[in-house]
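A quick write-up on the structure given underneath.
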Amino acid sequence: MPEWELLPKESEPPRREPPVASRHRFPRLALAFAVAAASDALSLGVVFAPPVQWVVDILTAGLLFLILGRQWLILPGLIAEAIPGVAVFPFWVLVVGSIAVWGQIRKRGNG
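Position in the sequence shown (first residue = 1) + 1346 = this note's numbering.
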């Protein structure tokens, strides 16, 4: 019997599951955009109460950190929101948009 007949037949290639980060990317991004939009809208209402605005921004940064994982792009957003008068721009939505374009969304707890 020739050697090529002894080799197992090739079946269809194994299916690869998408990585966890890409499987859960859209729902996490949608939640992150919702948190960012709510925070930016709330910041407009408390623009004349800086301590309240700081609490809102710190909570927003914490929530985005929990939703999107460890992202360095959240830090510039927090710094920009701390500058007086700049908070009228939707920086949190811009931060989440930049993470969607340039960042990687990781599982919680993974560095």
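Ideal Cβ placement from N, Cα and C applies to all residues, glycine included.
- DSSP places V1393 in the coil class of the three-state scheme, outside both helix and strand.
- With the rule of 3 Cβ pairs closer than 8 Å, the region 1431-1446 counts as touching the region 1401-1411.
- The C-beta of V1447 has fewer than 16 other C-beta atoms within 10 Å across all chains shown, which makes the residue exposed.
- For G1443, the enclosing alpha helix (DSSP H) starts and ends at F1437 to W1448.
- CA-to-CA, the gap between S1389 and V1434 works out to about 7 Å.
- DSSP places I1429 outside both helix and strand once states are collapsed to three, so it counts as coil.
- Taking the CA atoms as reference points, A1378 sits about 20 Å from A1428.
- Straight across, the Cα-Cα distance linking R1374 with D1386 is about 18 Å.
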